[in-house]
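Each residue of the sequence shown is one higher than the one before, counting from 0 in numbering that gives the first Met the number 0. Note that CB positions come from ideal geometry on N, CA and C, so glycine has one too. In this text, all values refer to a predicted model and were calculated from it rather than measured experimentally.
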Amino acid sequence: MPASPWPLRIAAVCFVLSGAAALVYQVAWQRLLALSTGVGIYSIAAITAAFMAGLGIGSDLGGRLSTRLTPSRALRAFALVEIGVALFAFLSVPLFYEVLYRGAPWLYVTPISAVFAHFFSLLLPTTLMGMSLPLLVRGLVMNPEHAARRIGLLYGANALGAALGALATPWFLVRFLGIQGAVLIGALLSAIAGFGALFLARHAATATATSEQTAPATPMVTPAKTTEPPQPFRLWLLLYATSGLISLSLEIVWFRVLDVLTKGAAFTFGTLLAIYLIGLASGTFVGARFAARITRPLNAFLLCQAGMVGWTLLAHTLLVRLPASLPGLSWLVHYGLRDNGVQMNPLAVGDFLAVYLLAPVLLFGPSTFLMGLGFPILQRAVQDDANTAGQRVGWLQAANIFGCVAGSLLTGLVFLDALGASGTFRLLAVLSAVIALLASRRLAGSRLHLALAVVIALAAIFPSSDQLWIRLHGNTDPANTFIEEDAAGVNALTPRRPTGYHLWIHGRSNSWIPFGDIHTIFGALPALVHPAPREIAIVGLGSGDTAWAAGVREEISTVTVFEIARAQPRLLRRVEDKPRMTRLKSFLADPRMVIVRDDGRRRLESDGRLYDIIQADAIHPDGSMSGNLYSTEFYEMVGKRLRPGGIMSAWVPTERIRASALRAFPHAIDFGPLLLLSNEPVPIEIELWESRLRAQRSIDYLGVARIAEIAPFMRNARIARRSAPGAEVNRDLDPRDEFARPR
Numbered sequence: 000m001p002a003s004p005w006p007l008r009i010a011a012v013c014f015v016l017s018g019a020a021a022l023v024y025q026v027a028w029q030r031l032l033a034l035s036t037g038v039g040i041y042s043i044a045a046i047t048a049a050f051m052a053g054l055g056i057g058s059d060l061g062g063r064l065s066t067r068l069t070p071s072r073a074l075r076a077f078a079l080v081e082i083g084v085a086l087f088a089f090l091s092v093p094l095f096y097e098v099l100y101r102g103a104p105w106l107y108v109t110p111i112s113a114v115f116a117h118f119f120s121l122l123l124p125t126t127l128m129g130m131s132l133p134l135l136v137r138g139l140v141m142n143p144e145h146a147a148r149r150i151g152l153l154y155g156a157n158a159l160g161a162a163l164g165a166l167a168t169p170w171f172l173v174r175f176l177g178i179q180g181a182v183l184i185g186a187l188l189s190a191i192a193g194f195g196a197l198f199l200a201r202h203a204a205t206a207t208a209t210s211e212q213t214a215p216a217t218p219m220v221t222p223a224k225t226t227e228p229p230q231p232f233r234l235w236l237l238l239y240a241t242s243g244l245i246s247l248s249l250e251i252v253w254f255r256v257l258d259v260l261t262k263g264a265a266f267t268f269g270t271l272l273a274i275y276l277i278g279l280a281s282g283t284f285v286g287a288r289f290a291a292r293i294t295r296p297l298n299a300f301l302l303c304q305a306g307m308v309g310w311t312l313l314a315h316t317l318l319v320r321l322p323a324s325l326p327g328l329s330w331l332v333h334y335g336l337r338d339n340g341v342q343m344n345p346l347a348v349g350d351f352l353a354v355y356l357l358a359p360v361l362l363f364g365p366s367t368f369l370m371g372l373g374f375p376i377l378q379r380a381v382q383d384d385a386n387t388a389g390q391r392v393g394w395l396q397a398a399n400i401f402g403c404v405a406g407s408l409l410t411g412l413v414f415l416d417a418l419g420a421s422g423t424f425r426l427l428a429v430l431s432a433v434i435a436l437l438a439s440r441r442l443a444g445s446r447l448h449l450a451l452a453v454v455i456a457l458a459a460i461f462p463s464s465d466q467l468w469i470r471l472h473g474n475t476d477p478a479n480t481f482i483e484e485d486a487a488g489v490n491a492l493t494p495r496r497p498t499g500y501h502l503w504i505h506g507r508s509n510s511w512i513p514f515g516d517i518h519t520i521f522g523a524l525p526a527l528v529h530p531a532p533r534e535i536a537i538v539g540l541g542s543g544d545t546a547w548a549a550g551v552r553e554e555i556s557t558v559t560v561f562e563i564a565r566a567q568p569r570l571l572r573r574v575e576d577k578p579r580m581t582r583l584k585s586f587l588a589d590p591r592m593v594i595v596r597d598d599g600r601r602r603l604e605s606d607g608r609l610y611d612i613i614q615a616d617a618i619h620p621d622g623s624m625s626g627n628l629y630s631t632e633f634y635e636m637v638g639k640r641l642r643p644g645g646i647m648s649a650w651v652p653t654e655r656i657r658a659s660a661l662r663a664f665p666h667a668i669d670f671g672p673l674l675l676l677s678n679e680p681v682p683i684e685i686e687l688w689e690s691r692l693r694a695q696r697s698i699d700y701l702g703v704a705r706i707a708e709i710a711p712f713m714r715n716a717r718i719a720r721r722s723a724p725g726a727e728v729n730r731d732l733d734p735r736d737e738f739a740r741p742r
């Protein structure tokens with residue numbers, strides 16, 4: 000390769016594009032595959048693990064392959080990998096949506112078969128993605144003395160591109176182009192990266208032997224001699240695998256904190272990934288610049304790991320322990336009391352900067368910087384032969400990725416359920432300290448023990464999960480605030496004046512108790528309209544108000560409620576004996592009420608059971624994954640699960656949602672914010688409905704006050720006016736309202 004730095008610059012640009020495309024795919028493919036197995040934590044954990052397992056296999060395979068290739072051939076192989084990813088991406092949306100989701104639901108019948116289906120459907124593209132870094136390293140690293148710098152720059156470029164992709168996917172690509180458009184943009188980026196690498200390989204082929212052995216055009220620091228004894232490569236593999244486990248576990252808990260802070264918005268995941276990756280890239284670039292000067296790489300790497308966990312503990316401790324009246328923090332506490340998060344149309348710039356930028360940067364920005372800083376230090380320690388540089392990078396990446404898989408599964412499926420967020424932070428701190436302490440036995444004269452002692456001390460004083468979540472929910476009346484947390488998320492009940500509680504799900508106000516008002520109306524109305532309801536399905540438990548009201552008629556035998564969060568029923572039971580909670584207690588004790596822990600859409604599609612009434616409890620249309628319950632395809636599926644004369648009860652808070660529902664059903668009665676939809680005509684019989692409403696059973700069940708709320712709502716019934724043929728709708732592949740696309 001020529002002495003000029005242009006090959007590295009071209010390669011870095013190609014790897015930026017490759018990283019951006021990879022994150023577009025990750026966000027889009029995860030959403031598509033979740034249609035088959037649901038958006039519950041077990042489904043998401045399985046998809047994430049399958050995605051990362053493929054990357055790990057690819058890293059190992061790419062590393063092995065790199066030792067058999069010359070630098071120019073390695074660059075061509077990298078180009079073919081990127082073009083292969085682009086071709087797969089071009090076909091991926093029809094494959095995942097039409098072939099697997101719609102055409103082969105039998106693949107996902109059992110959890111085991113679903114895991115294998117996810118793994119094999121993602122294996123080809125993720126394996127190709129995993130091969131890219133080892134091949135690029137083999138193509139560009141000619142001198143082991145400068146390996147840490149070059150590998151660090153390439154890794155940082157890829158992380159920077161990934162950050163741009165993570166940020167652009169929810170805020171721009173999916174928002175304005177839909178899932179299909181976003182993936183096609185990713186395919187274009189992969190193709191450009193591939194053809195750029197082909198250009199690089201062609202023009203670099205004649206000069207590979209003189210690349211870095213001649214005087215470089217840009218100054219490179221001559222590596223200093225290490226003062227540590229060389230460490231066995233297997234130790235570095237173990238340390239980097241452990242680093243992956245801790246890093247990915249921290250990311251999951253950080254996402255939980257940010258999810259509550261942003262109130263469950265659809266933009267949270269991409270924004271978190273972007274900040275995480277920007278920190279990673281920044282640390283990698285700095286490390287690449289100075290890695291050659293580090294004389295004690297093991298000591299420096301372990302200090303980075305200790306600092307990564309230590310900053311997380313310190314930042315979250317200060318968030319909870321500092322007085323709520325402090326400037327800045329007082330704004331955050333008051334923000335926690337708001338019903339909704341950042342408003343998108345128009346964008347509330349101040350709220351956006353505070354919630355999506357300043358808070359996450361302070362909470363975990365330095366930790367991600369230290370993660371990135373450790374990577375070039377690692378390469379400084381292990382790279383001693385240009386011919387095997389790609390292989391060693393591949394093995395290290397594979398170890399790190401499989402550590403990430405373990406962290407994802409353990410934290411998502413075990414730690415958060417058993418320990419909550421705070422307990423998980425503490426456990427990760429102790430695990431990190433123990434591993435670092437054991438590794439430091441190989442060091443002499445290290446001050447690492449002091450850093451580890453600080454980490455353990457911070458873990459000891461770290462606030463409880465309740466203290467953390469109460470602070471993020473407004474810090475009001477902690478003695479009368481109830482928190483329940485599981486793998487699916489964080490639910491809270493905060494005091495509501497003059498008496499009762501607000502229900503919060505993922506930091507956003509969802510409902511309230513005692514029962515009454517709109518949720519009672521939505522639950523009772525379809526049951527009073529249907530001529531003879533027996534079996535009802537409700538998607539989402541919420542406060543239980545909708546499901547309770549749906550049981551108003553005596554002939555109803557079963558109300559099945561599909562709820563992802565195991566914590567939700569536990570939370571309601573904690574207040575069932577409080578004053579004015581009589582109806583909540585009767586609801587939880589009612590044998591007709593069956594709460595099933597599952598994704599409602601997935602369950603309705605998979606079990607084939609028919610119902611007289613199906614209702615999706617009211618959720619905010621801009622919440623994460625809410626588009627799955629507001630798409631035309633969802634309403635069409637519900638229509639297939641109704642018995643003859645059955646009714647779908649739909650809350651329609653936007654014109655797009657109204658149009659989506661009306662497009663799926665031929666008949667509808669309009670009650671303003673509520674539509675009753677059916678495959679058969681439903682006559683408007685207000686007198687008959689009111690007679691059922693004022694029957695003694697209804698009065699005893701609902702109460703006089705609730706009857707007075709429902710009656711005027713019922714009298715406003717009218718035949719729904721059909722939306723214009725060209726009206727905007729939400730689709731599975733184009734969830735416009737979820738991402739707040741301007742009309």
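Here cysteine 403 is not near leucine 159, since their CB atoms are 8 Å or more apart. Apart from the 5 residues on each side of it in sequence, alanine 78 sits with its Cβ closer than 6 Å to the Cβ of Gly193, Ala196 and Leu197 in its chain, given in chain order.
Each residue's CA atom was taken as its position, placing leucine 321 and arginine 470 some 10 Å apart. Straight-line spacing of the CA atoms in asparagine 344 and leucine 427 works out to 39 Å.
With respect to the C-alpha of glutamate 689, the residue from Arg507, Val528 and Ser71 having the closest C-alpha is Val528. With fewer than 16 other Cβ atoms inside 10 Å of its own Cβ, valine 703 counts as exposed. The beta carbons of leucine 163 and alanine 265 sit no closer together than 8 Å. In the DSSP secondary-structure assignment, methionine 647 is bridged to Ile613 and Leu676. Residue pairing from DSSP places proline 494 in a beta bridge opposite Tyr500. Excluding residues up to 5 positions away in sequence, Phe514, Gly522, Arg582 and Phe586 lie with their Cβ nearer than 7 Å to the Cβ of tryptophan 547 in the same chain. Contact check for alanine 663 against valine 651 fails: the beta carbons are separated by 8 Å or more.
Taking C-beta atoms as the reference points, leucine 238 and leucine 447 fail to come closer than 8 Å. In the assembly as shown, alanine 103 is an exposed residue. Its beta-carbon has fewer than 16 other beta-carbons within 10 Å. In the structure shown, the three-state DSSP call for aspartate 576 is coil. Between the stretch 65-78 and the stretch 136-156, the count of C-beta pairs closer than 8 Å reaches three or more; the two stretches touch.
By DSSP's assignment, leucine 302 forms no beta bridge with any residue. Leucine 641 has Tyr610 as its beta-bridge partners, per DSSP. Taking the CA atoms as reference points, leucine 336 sits about 20 Å from leucine 317. Take serine 112, set aside five residues on each side of it, and the residues of its chain with a beta-carbon closer than 7 Å to its own are Leu106, in chain order. In the structure shown, arginine 721 falls within a coil segment according to DSSP collapsed to helix, strand and coil.
Rounded to the nearest angstrom, the Cβ distance from valine 595 to phenylalanine 633 is 18 Å, too far for a contact under 8 Å.
If you draw a straight line from the Cα of valine 453 to the Cα of asparagine 298, it comes to about 16 Å. With a beta-carbon spacing of about 2 Å, glycine 129 and glycine 57 fall inside the 8 Å limit used to define contacts. Between leucine 7 and alanine 147, the alpha-carbon positions lie close to 14 Å from each other. A straight-line Cα-Cα distance of about 44 Å links valine 489 and arginine 63. The C-beta separation of valine 558 from isoleucine 535 comes to about 5 Å, placing the pair in contact by the 8 Å criterion.
Between threonine 36 and alanine 45, the beta carbon gap of about 7 Å places them in contact (Cβ cut-off 8 Å).
At least 8 Å separates the beta-carbon of glycine 306 from that of leucine 457.
DSSP, read as helix, strand or coil, puts alanine 264 in strand. Isoleucine 460 counts as exposed, since fewer than 16 other C-beta atoms from the protein chains shown sit within 10 angstroms of its C-beta.
If you look at threonine 36, you'll find it in the alpha helix (DSSP H) that goes 5-36. About 5 Å separates the CB atoms of valine 637 and isoleucine 613; that is less than 8 Å, so the two are in contact. Between alanine 314 and leucine 135, the C-beta gap is not smaller than 8 Å, which leaves the two residues out of contact. The beta carbon of threonine 367 sits closer than 6 Å to the beta carbons of Tyr275, Gly278 and Leu279 from its chain, once the five residues preceding and following it are set aside; these are given in chain order.
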